[in-house]
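Visitor:
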Amino acid sequence: MSSPRQEPATIGQVLGAQRRSRFVGRRAELELFRSAIAEDTPEPAVIHLHGPGGIGKTSVLEAFAGIAAAHGASVVRLDAREFAASPTAVLDALRRHIEVPEDGAIAAPDARLVLLIDTYERLAAVDDWVRERLVTRLPTDAVTVLAGRTPPGPGWRADPAWRDLLRVVSLRNLGPDDSRDYLAACGVDSTLHERLIDLTHGHPLGLSLCTDVAVRGGEIGSDGLHPDLVADLVRSFVDVVPDAHQRIVLAVCAQARVTTEALLRAVLEFGGKGQSDADAAGDGTAQAHELFSWLHGLSFVEVGPDGVFPHELARDVLDADLRWRDAAEYPRIFRRVADHIRDRVRAVQGREQQRAISDLKFLFRNIPGVLSPVDWEAWGQHHPQPADPDDGEAVLALIAAAEGEQAGQIAARWWAAQPEGFSVLRGDDDRVRGVVCLVDLSAADAEDREADPGAAAVWEHAHTQRPPRAGEVVTQTRFIVDRDAYQGPSPTLNAVPIVTLQRQLTTPNLAWDYLTMHEPDAWDDFFALADLHRVPEADFEVEGRRYGVFAHDFRLRPVDALIELWVERSLAQDPSLQLGPDPRPQVLSQAGFTDAVRQALRDLHRPDLLARNPLLDTRLVRQAAGDSDPDATCLAGLVSEAIDALRQHPRDDKLLRAVEATYLTPAPTQEAAAARLGLPFSTYRRHLTQGTERIAAWLWEREVYGPGGPR
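Structure, rendered in structure tokens:
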């Protein structure tokens, strides 16, 4: 007699077992649910899970269902996608699992009730009814879990009676260890683990999609997610088809560190024909407000102190989608975002300027090679501040502990000479956790420079290569020390470009700027992206420790030109891209500059000769030319402007007349020019020499100090 046939397993049971075998992490969430289900009167009685699409809410509900079943509870699972958002439809869905009377308590027979509702954002229209009429009918030992993309509505938080009975849980991406466990459980080759974690930031759906590609032998691209995966992820994040303005808003949100209404107004083109400027501005403000509210309400967008920002994988996915979908629109939006932030950098000061610089630097995070040494996910969360006088002991102790006793003594000397050059990062305990030291070598005593091998090395380099001219400044970032990571990825390392760019923006007549790093070889490619090039001839040692130096000459590429280079390199995804055939102007000595001015005066009516003048490659003429190539016409205009400056002072009239007779309406010879002016030749020569020197000095001031002259 054959034994009775066992009930066969269903496909659903097999799938459930597979899902349970690959479930990782979420320890805090599971422990919260276990503690609730273990109590006779659970607190919390309602758990509200929320997070963006693909973050794993359904998987957590499945885990909760398994825990509840193991405790003998009666589990009712509802998915709001399967019924309408109305009280009647919700009750009808419940009746498919348990008896629901017309009024009174809703309970499971002979067991504790656990109610799990997935996709709860679809029940937003009846959220008040769920809170006030449905959950209140459940027994005191029931546990309810609501899982949706959005946080609970204000009614849940407004009633203080819910304070102990409600727990709100925001689901985050999986950490690196949990992500590795997931990939291992799925059979993914361990050599791919770090690449997949970097690509997906631990986002469960991203990991799942990439895992599917990997286990089937597909190639995981080194430059980002494949367009097919991007499309799947975009659909998981944005479950409605956005209109034209909303697509731009999503692109802005993906590119910018944080998005504000002001940024949206700057990027979007509002208004139309027939509108006054005031009407267009008013409409733009209203539309920007409406679009910002829409963005703020998306499930993958979070709120920070400076604005709103997306989950990291959502940012990467939306950015990749726009690059792939509309290659012409991408740079237009990127430039508008960059222009708005650059304007803010120039318009504000102090902490606001630091935030703007953080926003500016963040735009360039995707240039190949930038990611490795920078903690972009923590970018902008820590702000350097000037060291207080009381910080001296902690600052010097940090430096000595990291770099040795002699380095500590050097730092102490700079602390005494230029304490304003020290910036600190503070930890949660308000103690100094990091220090960045910038020194002004031009303002330092020779003894201080010579006492520091690092300062002496860069000072010699500056004066050997392109010497600073009178009034120009040489600076050096001399010490970078984080308490926990030294010069590795850390809040302190993140602060370095903030401190240095702020210094570069506020230092008139900046010539050379140097950066000092221990183990410099690892940083060559990274700093080259920012046009900060290694100068190995300035390497030095302190107590046997080797330090390398990176340098930028701001006379060759000023701050604005440097930022434009970053923009172009980011858009081209080319870290070696250069702007124009020869972006580097000459740096002439004052004597060489004056000789070139004399030659330009002699050649003022010979464009062919002016085109060979060394002044064409100076900062003065390049700035005057703007976006055009410097040419003879531009140089002639500057020389004429300098001559006109003599007209401003009546006492210079005699000098002006000598210059005019010699260069503007030239006589055949200088003797003839003197005769035309009715002057002895020696007097004429003296006036001409003084006038030429005055013209050269006027132009030199603008070469060194810029159009505004000395400050």
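Quick note on the numbering used here: the sequence shown kicks off at 935 and runs consecutively. Backbone N, C-alpha and C fix where the C-beta goes; we use that ideal spot for every residue, glycine too.
1. Please list the segments of the alpha helix (DSSP H) lying wholly inside the stretch 1283-1329, counting only runs of 4 or more residues, in order along the chain.
2. Expressed to the nearest angstrom, what Euclidean distance is found between the alpha-carbon atoms of residue 1493 and residue 1102?
3. For the putative contact between residue 1054 and residue 1082, defined by C-beta atoms under 8 Å, what is the C-beta separation to the nearest angstrom?
4. For the alpha helix (DSSP H) holding residue 1527, just list the boundary residues, first then last.
5. Taking all protein chains shown into account, decide if residue 1193 is buried (16 or more other Cβ within 10 angstroms of its Cβ) or exposed.
6. At the level of alpha carbons, what is the spacing between residue 1325 and residue 1366?
7. With a CB to CB cut of under 7 Å and the five nearest residues on each side skipped, what residues in its chain are close to residue 1149?
8. Verify whether the separation of the beta carbon atoms of residue 1013 and residue 1052 is less than 9 Å.
9. Under 8 Å: do the stretch 1181-1188 and the stretch 1265-1278 share three or more Cβ pairs, one atom per stretch?
10. Who pairs with residue 1446 in a beta bridge, going by DSSP?
11. So what's residue 1105 in DSSP terms, helix, strand or just coil?
12. Just how far apart, CA to CA, sit residue 1251 and residue 1461?
13. At a cut-off of 8 Å, would you count residue 991 as near the ligand NAP, judging by its Cβ distance to the nearest heavy atom?
14. Determine the contact status of residue 1357 and residue 1319, defining contact as a CB-CB distance below 9 Å.
15. Take the Cβ of residue 1041 as the centre, count every other Cβ of all protein chains shown within 10 Å, and call the residue buried at 16 or more, exposed below.
16. So, at 8 Å on beta carbons, what are the nonlocal neighbours of residue 1455 in its own chain, with the 5 sequence-adjacent residues on each side left out?
17. In this structure, how does DSSP classify residue 1653 when only helix, strand and coil are distinguished?
18. For the stretch 1364-1378 against the stretch 1399-1411, do three or more pairs of beta-carbon atoms, one drawn from each stretch, fall closer than 8 Å, so that the two count as touching?
19. Helix, strand or coil: which one does DSSP assign to residue 1376?
20. Since I believe residue 1031 is in contact with residue 1010 (beta carbons under 8 Å), could you give me their beta-carbon distance rounded to a whole number of angstroms?
21. Determine whether the beta carbon atoms of residue 1655 and residue 1349 lie at a separation below 9 Å.
22. From residue 997 to residue 1508, what distance separates their C-alpha atoms?
23. Where does residue 1210 sit, in a helix, a strand or coil, going by DSSP?
24. Name the one or two DSSP bridge partners that residue 904 has.
25. Take residue 979 and list the residues in its own chain whose beta-carbon comes closer than 6 Å to its own, dropping the five residues that flank it on each side.
26. Taking just the CA atoms, how far does residue 1424 sit from residue 1359?
27. So the beta strand (DSSP E) residue 1586 belongs to, where does it begin and stop?
28. If we ignore side chains and look at the alpha-carbon of each, how far apart do residue 1258 and residue 1236 end up?
29. Using DSSP bridges, identify the partner residues of residue 1055.
30. Please report the straight-line C-alpha distance between residue 974 and residue 984, rounded to a whole angstrom.
31. What does the alpha-carbon distance come out to for the pair residue 1234 and residue 1225?
32. What does residue 1482 pair with, by DSSP beta-bridge criteria?
33. Under three-state DSSP, which class holds residue 1416?
34. Using alpha carbons as the reference points, say which of 1195, 1450, 1581 lies closest to residue 1475.
35. How many Å lie between residue 1118 and residue 1107 at the Cα?
36. For residue 1067, count neighbouring Cβ atoms within 10 angstroms of its own Cβ and tell me buried if that reaches 16, exposed if not.
Guide: Concretely, from the data shown:
1. 1284-1296
2. 46 Å
3. 3 Å
4. Taken as a continuous stretch (DSSP letters only), the alpha helix (DSSP H) holding residue 1527 covers 1524-1536.
5. buried
6. 7 Å
7. 1120, 1121, 1122
8. Result yes, Cβ atoms of residue 1013 and residue 1052 sit closer than 9 Å.
9. Contact annotation: the stretch 1181-1188 touches the stretch 1265-1278, with at least three C-beta pairs closer than 8 Å.
10. 1408, 1487
11. coil
12. 27 Å
13. You won't find the ligand NAP in this model; it holds no ligand whatsoever.
14. yes
15. With 16 or more other CB atoms across the displayed protein chains lying within 10 angstroms of its CB, residue 1041 is buried.
16. Within the same chain, residue 1455 has close Cβ partners 1482.
17. No information on residue 1653 is available, as it lies outside the stretch 935 to 1645 that the chain covers here.
18. yes
19. Coil.
20. Residue 1010 to residue 1031, Cβ: 4 Å. Contact.
21. Lying outside 935 to 1645, the shown extent of the chain, residue 1655 is not represented and no answer is given.
22. 46 Å
23. A caution first: residue 1210 carries a pLDDT of 42, below 50, which makes its placement in the model unreliable, though a value can still be read off. Of the three classes helix, strand and coil, the one that applies to residue 1210 here is coil, per DSSP.
24. Residue numbering for the chain in the displayed model covers 935 to 1645; residue 904 lies beyond these limits and cannot be assessed.
25. 1099
26. 10 Å
27. First-last for residue 1586: undefined, no H or E at that position.
28. Spanning the two alpha carbons is a distance of roughly 25 Å.
29. Partner(s): none; residue 1055 has no beta bridge.
30. Those two C-alpha atoms are separated by around 26 Å.
31. 15 Å
32. Beta-bridge pairing links residue 1482 to 1451.
33. strand
34. 1450
35. 17 Å
36. exposed
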